[in-house]
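Report on the following structure.
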């Protein structure tokens, strides 16, 4: 008898007992990623939450090899591994960086740009949870405008916009870059498959739920990350050699408050102290970014 | 080896050549690149920095011309160079790169990682200091990396640099330790010398292809390296490192002896000249200043020379053995082309550490040639007179 439904992950490529917090994006992200990439994969991990989740010595959560490396240079370490494997004729082995936003937007940024520019045959996966969560919620250049962190405490919440990593990475004219949401799992899986097929430097940027850092309920992780897409705070799109394609157009026009209000890190924006100024700025920023994406997509068809 | 004065001179006069070698006129940097090629390195990550740049330029040319079957990658910084070297070595490749001064300082974090990941990477460092900004000969950069866990050799000549890179891979791959071969900026790196380059098959016989041990990273046999190590396991790694690093001095002598049998040029951790029961002053030197002291020895039969080829780990046993023949009133003087922000330079610190409780001599320390200042024979003679005067124990010679 045919089962009533098929599991997306037919064979788990991670072991049970991963050390993530409840509601963390890493666990789900890596389960789907590894299920598609398969075991013939070397994961390169700079300092991040995933350094711990993947397992302290002598553990390995993944059915694949894991190289923990220095914070600033995961793409460089991956470059060395890639070239060594290629020289040994092991071209079918996937070399994948698993990094957080600190390791991507900040300390690893130069190394990332170098690997992207050189066109290294590497898949780079960034779980963007918008702060240094492993060290206890400090501001990174991925931290959203308006959020509080332990180094941007209220009232000095983050008052600058997060770095446009996708724009910068796309500008390297790489064969594939895409944003992914764990609330849109089929879209995410499609993008992993696409990234796996393509040779060259590829990047997936995933909106990473983080209950302790975002001050949310673990059970709400997926609901909130879905709202981030629906409110256009985190649009889903792909870029192939500077050609943009938006993957999801929200049906309803939802204000950003719908998503921000569910996260404790933004609660000071709702106490009336600035007459809603920050929320208005965020809404405008979101709309302007979305409009720019629409134009970039339009340009891509010309 | 303890040569008498006459032996040294005779050796130089009678040197006619070596079998299965070609005599070339090479700058030190080209000798370094030639050595890497002869060692059939498989991966060369690179980043330019004066005065090292011509080493990686030459290697890129060799790869482009298919003289060397290696992956050559232009990286984005020295930090990335060493991180890429680490990745390729983890996957089992024989790796070579070169850097200098600021580049080595920038890579400091990764130097520690490479040493304690136990990766047998060999590099050449062309010594220069940091700030005040300076690109000329100085050993502050490499000596400031003494505690990173890298084995360090200093080459007196381009020939020695070439020969030492070959020996370095044997030592590195036997003990799983990284090795840095240091040469002097400009005096060596950009100065042409006669160099006997061995034929490829001679090097292949001495240094076979790198063996795979099964602990390499690949996609077939999953493993994790570099994860967080809790306190109960941490010191075990250090203890294992310690037991292996303690073998470097003996292995250096063994490999140097074997190298002599194959190539006709014998090496050891240290070399001494004219150290006898009549020697009054022993100069402790590394790199090209050694040659200057050799020249002065002919005029001053009361002077001996202790050349350190292996500097890290410090060849304590060899040094004690060599100096034990000295008369009790002999003096030791170290020539420091390094400034580590302390009262004394690196060489005399290491000498005192080695001799403590074993041998007791008057010790002098001389800062000479910092930031590339020339150290001519006259300066060495001035040092001799200063030491004989015994007025000060730490001497700044030729200070302007």
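Protein chains in written order, with the numbering used here: chain A, 1 to 302; chain B, 1001 to 1400. No residue lacks a Cβ here, since even glycine has one placed at the ideal position from N, Cα and C.
Buried/exposed call for residue 324(A), threshold 16 Cβ in 10 Å = A question about residue 324(A) goes unanswered here, because the residues of chain A that appear run from 1 up to 302.
Given a threshold of 16 other Cβ atoms within 10 Å of its Cβ, counted over all protein chains shown, does residue 171(A) qualify as buried or as exposed?
-> exposed
is_contact[residue 1108(B), chain A] using C-beta, thresh 8 Å = no
In whole angstroms, what is the alpha-carbon distance linking residue 1337(B) and residue 1114(B)?
-> 26 Å
Across which residues does DSSP place residue 1254(B) in a beta bridge pair?
-> In DSSP, residue 1254(B) forms no bridge with anything.
Nearest-angstrom Cα separation, counted from residue 10(A) out to residue 189(A) | 13 Å
Identify, in the order they occur along the chain, each residue of the same chain with its Cβ nearer than 7 Å to the Cβ of residue 1358(B), setting aside the five sequence neighbours on each side.
-> 1320
In this structure, does DSSP put residue 133(A) in helix, strand or coil?
-> coil
Using a Cβ-Cβ cut-off of 6 Å (strictly less than) and excluding sequence neighbours within five positions of residue 19(A), which residues of its own chain qualify?
-> 52 and 53
Exposure of residue 154(A), with buried meaning 16 or more beta-carbon neighbours within 10 Å | exposed
Assign residue 1125(B) to buried or exposed, taking buried as 16 or more other Cβ atoms, counted over all protein chains shown, within 10 Å of its Cβ.
-> buried
Assuming residue 158(A) and residue 139(A) form a contact by the criterion Cβ under 8 Å, report the distance between their Cβ atoms to the nearest whole angstrom.
-> 6 Å
What are the complete alpha helix (DSSP H) segments, minimum 4 residues, inside the segment 1060-1100 of chain B?
-> 1078-1090
Out of 1156(B), 1195(B) and 1379(B), point me to the one whose CA is closest to residue 1311(B)'s CA.
-> 1156(B)
Could you tell me whether the segment 1343-1350 of chain B touches the segment 1375-1382 of chain B, using the rule of 3 or more Cβ pairs below 8 Å?
-> no
Give me the Cα-Cα distance between residue 108(A) and residue 1079(B), rounded to the nearest whole angstrom.
-> 11 Å
For residue 147(A), which residues from the same chain have a beta carbon less than 7 Å from its beta carbon, with the 5 sequence-adjacent residues on both sides left out?
-> 130, 157, 158, 265 and 266
Per DSSP, residue 1394(B) forms a beta bridge with which residues?
-> 1365(B)
Helix or strand or just coil, what does DSSP make of residue 207(A)?
-> strand
Do the segment 1277-1289 of chain B and the segment 1219-1228 of chain B make contact, defined as three or more Cβ pairs closer than 8 Å?
-> no
Closer than 8 Å, Cβ to Cβ, to anything on chain B: give me those residues from the segment 56-72 of chain A, in chain order.
-> 56, 57, 58, 59, 60, 62, 63, 64, 65, 66, 67, 68, 69, 70 and 72
Residues that DSSP places opposite residue 1316(B) in a beta bridge | Note: residue 1316(B) sits in no beta bridge, so no partner.
Taking 8 Å as the threshold, find out whether the segment 1102-1109 of chain B comes into contact with the segment 1054-1073 of chain B through three or more Cβ pairs.
-> no
Count the other C-beta atoms from every protein chain shown that fall within 10 angstroms of the C-beta of residue 1141(B), then say buried if there are 16 or more, exposed otherwise.
-> buried
Under a three-way DSSP split, which group does residue 1196(B) fall into?
-> strand
Can you name the start and end residues of the beta strand (DSSP E) that residue 237(A) belongs to?
-> 237-240
Proximal residues, the segment 1069-1084 of chain B versus chain A, C-beta separation under 7 Å = 1071, 1073, 1075, 1076, 1077, 1079, 1080, 1083 and 1084
Chain-ordered neighbours of residue 1093(B) on chain A, where CB pairs are closer than 7 Å = 84 and 87
Any Cβ of chain B within less than 8 Å of the Cβ of residue 39(A)?
-> yes
By Cβ distance below 6 Å, which residues in the same chain neighbour residue 1367(B) in space, the five residues on each side in sequence not counted?
-> 1336 and 1396
Could you tell me if residue 1014(B) is buried or exposed, where buried requires 16 or more neighbouring beta carbons within 10 angstroms of its beta carbon?
-> Because the pLDDT at residue 1014(B) is just 49, under 50, the model does not fix this residue reliably, and the value given afterwards should be weighed accordingly. The residue is exposed, with fewer than 16 neighbouring Cβ atoms inside 10 Å.
When the distance is taken between beta carbons, is residue 1263(B) closer than 8 Å to residue 1163(B)?
-> yes
Among 193(A), 75(A), 207(A) and 124(A), which residue has its Cα nearest to the Cα of residue 144(A)?
-> 207(A)
Tell me residue 353(A)'s beta-bridge partners as DSSP assigns them.
-> Absent from the model: residue 353(A). The displayed extent of chain A is 1 to 302, so no value can be given.
Residue 1050(B) and residue 1135(B) closer than 8 Å at C-beta = yes
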